[in-house]
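To keep things clear, I will list the structure first and then write my remarks on it.
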Amino acid sequence: MQNLLHNLNPEQLAAVTLPAQPALILAGAGSGKTRVLTTRIAWLIQTGQVSPGGILAVTFTNKAAKEMMTRLSAMMPINTRGMWIGTFHGLCNRLLRAHYRDAALPQTFQILDSQDQLSMIKRLLKANNIDDEKYPARNLMYFINGAKDQGLRAHDVEAFDDYNRKMVELYEIYDQQCQREGVVDFAELLLRTYELLSRNQPLREHYQARFKHILVDEFQDTNNLQYNWLKLMAGTQGAVFAVGDDDQSIYAFRGANVGNMSAFEREYKVENLIKLEQNYRSHGHILDTANTLIANNTKRLGKNLHTDAGHGEQVRIYESTSDLQEAQWIIEETKSLIAEGGTRSEIAVLYRSNAQSRVIEHALFSAGIPYRVYGGQRFFERAEVKHAIAYLQLMDNLHNDSAFLRVVNFPTRGIGARSLEQLQDAAKQYGISLYAAVPYVAGKAGSSLGAFVKMIEGARFESQHLPLPEMVQVVLDASGLITHYQNEREGADRVENLEQLVSAATLFVSEEGFGHDAPALLGPKSEQMVGPAITTLDGVEVLDADAPLPAVMSPLSAFLSHASLEAGDNQAQAGQDALQLMTVHSAKGLEFDAVFITGLEEGLFPHENSQKEEGGVEEERRLMYVAITRAKRRLYISFSQTRMLHGQTRYNMKSRFFDEMPEESLKWLSPKVQQQQHHSYAHPKAAWEDALGAGSNKIAQAITKVDIGWRIGESVAHAKFGEGVIVNIEGSGGSARAHINFGRHGMKLLDLSIAKLDKVPG
DNA sequence: TAGTGCGGTGTTTTT
DNA sequence: CACCGCACTA
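In my numbering, the protein residues as written are 318 to 1079.
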C-alpha cells in the first residue's frame, strides 16, 4: 500500500483515495491520468473496498484498455480476472453475447465495421432504387450513426421535411436488414445494450449492484449514448469516477459531447472535483505555448498546467516556401537531432490531415531515414484478410449477406452481376438471405451459385470438429484464396498476410483461454454453451462475474468479434527505431522528446471546413493544444507559403494560431529560404522555380503577371480583410482581378484597379 | 462476365 | 495527386 501511494502528488493522492461517490477528475495533458486511474483500482481492491468483480473500467481504445491491464498487473499481485476492463464496444459485445436472447439477437450475431456498414448501405440504396446522388450512402451512414449515438431509433427521429423523412425511412429499412442478417454495427452494440438494460429491470439492477465502481477514461470523448449507458450501469447511486480533459476534446465531429462533463457534474451533484494541473511531460516554454493558445477558447472548465521542469528551449518556428522544402527542413533537423544523440522513435512529425504525409514520406525515403506511418491500413482491414474473414463469417452465419456478396465471386467463379440480380430478386421475394435463396435460382447462374454453396458447406463439414487455426487453414484452401494470390504477380505479401491470419487465430485461441482442441464452430449442442457462465438469480439469468470469453462465445464468434473490434496493428515495422509520422488526432495520448507540427496554415490548420461549423475553430485550437502538449523537450512548428493539395498548388497564409502563442516562448528560425525569398523580388523567376519546381505553369503565370504590379503567391494587405495571399489572377491590365485568400475572411475576388491593396514584405 | 479507362471527389477516426 | 465508382469493350 505504501508503495502504491507513494510518489503521488497531493492532487493525485486525493483523487486515488476518494470515497465511493461520483467524482470528476480534470486531468491535464501529461498529468498522470492513467496512473491515477490504475492506482485507484488497485487501492480500492487492496483496501478491501471492492472485489475485482465489482470494478468496471471503460476506455475508448483497445490500446488504453490493454495499457490499464498491464499497469494493474504490475501493481498488484492478484490477477485481473473478474474485472471488467475494456472499450465501450468490447464490453457491450460481451453483454450481448451473454444475453443474446433477451437482446433479440442470434447467438452468432456478427459485428459490421465501418467498411461493411457502408457497403451494406450502398447495397440497400440500390435494392430500393434510391437515387444515390440525392441520398449518398455516406450521408445516410452519418445520419444513422448520428441518430444511434443519440440513442434514437428510426421512429424516434423527428423529420421535418421530405428529405429527412426519407432518411428516417431508410434508417428503418437498414435496421430491419441488419436484424435479418444477424449483424450489428458499432453504434448498435451500444444502443442494443442500452435498450436491453433499460427494458430489463432485474438485469439492470443486477449489474448496477455488481459494479460498485465504474471508472471512465477520456470522459470528454463520450457521446450521449455512451453517457446514458454509463448512467444506466451506475444507477443513481453509482460511484462513477470520470477522468477527462475538456481541452483535449477533439472528436466532436463524431458525436463526442464535452458537455457530458458538466452534465455529469450537475446530474450527479459531484462534490469531488479534482484538477490535475501538474505536468510531468513538457518543458516550460512548450507548456506556456499550449496554455496561452488554449486560453483563446471561451468554453472551458478552466485549468492551467504548470511544470517544475524549467523553461527549457523555445519553440522553433519555421517558414518554408513549399511543402517540399518543409519536408527537407524536417530531414535536416532530424539529422542534427540524431547527431546530438536523439532517438528516431522519440521524434514525431504531426500533420492535420493524412494527405500531408506523402511529401514527407517521400523526402524521408529519399534521405534513407527510417519512418513509421501510423493510421494506415491495419491488419484486419486489408482486402485479402477481409475476404478470408468474410468466408469465416459466412460459415458462422449463413445469413450475413455482406459477407456472402464479398466472397461469392472472389476469387472469380463466373458469378456476375446478372446472376446476383436474380439471386437478390429471389431473396427479396421470399424475404430470405442470399445464401438461402440460392436454390430458387435456376439455370446456369443457379449451378454456379450451387457450386459456391457446396464449397462453403464442404468447408463447414470439414472443419466442424477442428480448432480455430485449422479451420482458418481449411477456409483459405477451400475458398481458393491462397491459390488466387499465389498466381497473382504481386500477391506474395497477400499470401503472407493470409498465413498470418492462421497465426493470429492460434495466438487468439491461446490468449483468450480457449482449449487448443476446442472446436471453432458451435456444435449441435451449442445452445448449452452459455450454460456454465450463467447463474439464475430469482429467475433472472445473469452472467457470472468472472465468466471467461469461452463461456459465452464459440472460438470462431469470438475471433470474428475480435477482428471487427480490434483492427490490429498497422503494418509498419514496429520495434524498429523509426521516425513517427501521424495525424494530430492519432497522436493523442502519446508523447515524444521532439515533435514537429507541420502545415500551420489557414485553411489547413485550422482546417477550412471548421470555419463553418459552430465551435469548429475552438475544436481546431484544442487539436493544436493536443499537438503542442505531445512534446517533452523540443517543439518545432512549421508552415509553408505554397502547398500541393489535390494536385494543385495552394497559397495559404500562416495560421492564426501563431498570433495566439506567446512571442517570448517562440524562436523564429531565419533559414536560407528567407534570403532567397527576398532575393526573389529582384528575380521572381528564379524564386518561383525554386518554390514550385521548373516547368510549372504557375511560374509562367507568376512572371507574366508582374507587369500589372502583382503576382500569384504575393502577400497583400486589405483595409477590411486584413492580410491575404494572391491565389490567382485573371484578366490583365486595367481589368485584372485577383482571387485573394484572406484566411479567416475567406476567398475574395477583387478588382485590382479598384481594391486598395498594400504590399506586405515577405 | 471480366478487365480497362475516364471523370468526379477529396478533414480529422475509434469501435 | 490518388482513389473509387461507373461505363464501355473483348
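A virtual CB, placed ideally from N, CA and C, is assigned to each residue, including glycine.
*Whose CA, out of Leu610, Leu618, Leu622 and Asp605, lies closest to the CA of Gln631?*
Among Leu610, Leu618, Leu622 and Asp605, the Cα nearest to that of Gln631 is on Asp605.
*Consult DSSP for Glu807 and reduce its assignment to one of helix, strand or coil.*
coil
_Which residues does DSSP list as the beta-bridge partners of Ser637?_
BP columns for Ser637 point to Ser957.
*Enumerate in chain order the residues of its own chain whose CB-to-CB distance from Asp502 is below 6 Å, with the five nearest sequence positions on each side excluded.*
For Asp502, where only same-chain residues beyond five positions count, the Cβ hits under 6 Å are Leu429 and Gln434.
*Following the continuous beta strand (DSSP E) through Ala340, name the residue where it begins and the one where it ends.*
Ala340 to Ala344
*Kindly indicate which residue of Asp910, Val333 and Thr651 has the alpha-carbon position closest to the one of Gly629.*
Asp910
*With distances taken Cα to Cα, identify the nearest neighbour of Ile664 among Ala944, Gln543 and Ala391.*
By alpha-carbon distance to Ile664, the top candidate from Ala944, Gln543 and Ala391 is Ala944.
_Whole-angstrom distance between Ser1032 and Leu921, CA atom to CA atom_ = 18 Å
*Taking 8 Å as the threshold, find out whether the segment 363-371 comes into contact with the segment 344-352 through three or more Cβ pairs.*
Inter-segment contact for the segment 363-371 and the segment 344-352 is absent: fewer than three beta-carbon pairs are separated by less than 8 Å.
*State the DSSP-derived secondary structure class of Val1033, mapped to helix, strand or coil.*
Val1033: strand per DSSP, three-state reduction.
*Pull up the distance between the alpha-carbon of Lys483 and that of Lys465, whole angstroms please.*
17 Å
*Coil, strand or helix - Gln329 by DSSP*: helix
_Which of helix, strand or coil DSSP assigns to Asp473_ = helix
*Grab me the residues of Asp1075's own chain with a C-beta within less than 6 Å of its C-beta, minus the 5 sequence neighbours each way, in chain order.*
Ala1034
*Output the boundary residues of the beta strand (DSSP E) element that contains Gln525.*
No beta strand (DSSP E) holds Gln525; the alpha helix (DSSP H) holding it covers Gln518 to Arg527.
_Residue from Arg571, Gly555, Met772 and Glu384 whose Cα sits closest to the Cα of Phe460_ = Comparing Cα-Cα distances from Phe460 to each of Arg571, Gly555, Met772 and Glu384, the minimum goes to Arg571.
_Measuring straight from C-alpha to C-alpha, what distance separates Asn714 and Thr425?_
6 Å
*Reducing DSSP to helix, strand and coil, say where His416 ends up.*
Shown here, His416 sits in coil according to DSSP, grouped into three states, outside any helix or strand.
*With DSSP run on the structure shown, which of helix, strand or coil describes Lys905?*
coil
*Might you give, ordered along the chain, the residues of its own chain that have their beta carbon closer than 8 Å to the beta carbon of Ala680, omitting 5 neighbours on each side?*
Leu641, Ala644, Gln645, Ile647 and Ile648
*Can you give the Cα-Cα distance for Gly561 and Lys350, rounded to whole angstroms?*
Just so you know, the alpha carbons of Gly561 and Lys350 end up roughly 8 Å apart.
*Whole-angstrom Cβ separation of Asn545 and Gly468, contact assumed at under 8 Å?*
6 Å
_I believe Ser796 touches Glu787 by the beta-carbon criterion, under 8 Å. Please report the beta-carbon distance rounded to the nearest angstrom._
About 15 Å; that fails the 8 Å criterion.
*Distance, Cα to Cα, Met712 vs Ala656?*
55 Å
*Straight-line CA distance for Phe377 to Asp534?*
7 Å
*Three-state secondary structure (DSSP) of Met1064*: strand
*For Arg357, count neighbouring Cβ atoms within 10 angstroms of its own Cβ and tell me buried if that reaches 16, exposed if not.*
buried
*Can you check whether the CB of Val792 is closer than 7 Å to the CB of Tyr708?*
yes
_Range of the contiguous beta strand (DSSP E) that encloses Trp985_ = Leu983 to Trp985
*asked:* Given this structure, state the Cα-to-Cα distance separating Asn614 from Glu935, to the nearest angstrom.
replied: 6 Å
_Within 10 Å of its beta-carbon, does Val676 have 16 or more other beta-carbons around it, so buried, or fewer, so exposed?_
Buried, because 16 or more other Cβ atoms sit within 10 Å of the Cβ of Val676.
*Can you list, in chain order, the residues of its chain whose CB lies under 6 Å from that of Leu667, leaving out five sequence neighbours each side?*
Val901, Ala904, Ile914 and Ala944
*Where does Ser736 land, buried or exposed, given buried means 16+ other C-beta within 10 angstroms?*
buried
*What residue range is occupied by the uninterrupted beta strand (DSSP E) comprising Arg967?*
Gln965 to Tyr968
_If contacts are defined as beta-carbon pairs under 8 Å, then Phe769 and Val725 qualify, I think. What distance do you get, rounded to the angstrom?_
The C-beta distance from Phe769 to Val725 rounds to 6 Å, short enough to fall under 8 Å.
*Beta-carbon contacts of Tyr953 that lie in its chain and below 6 Å, excluding the five residues immediately before and after*: Arg633 and Phe913
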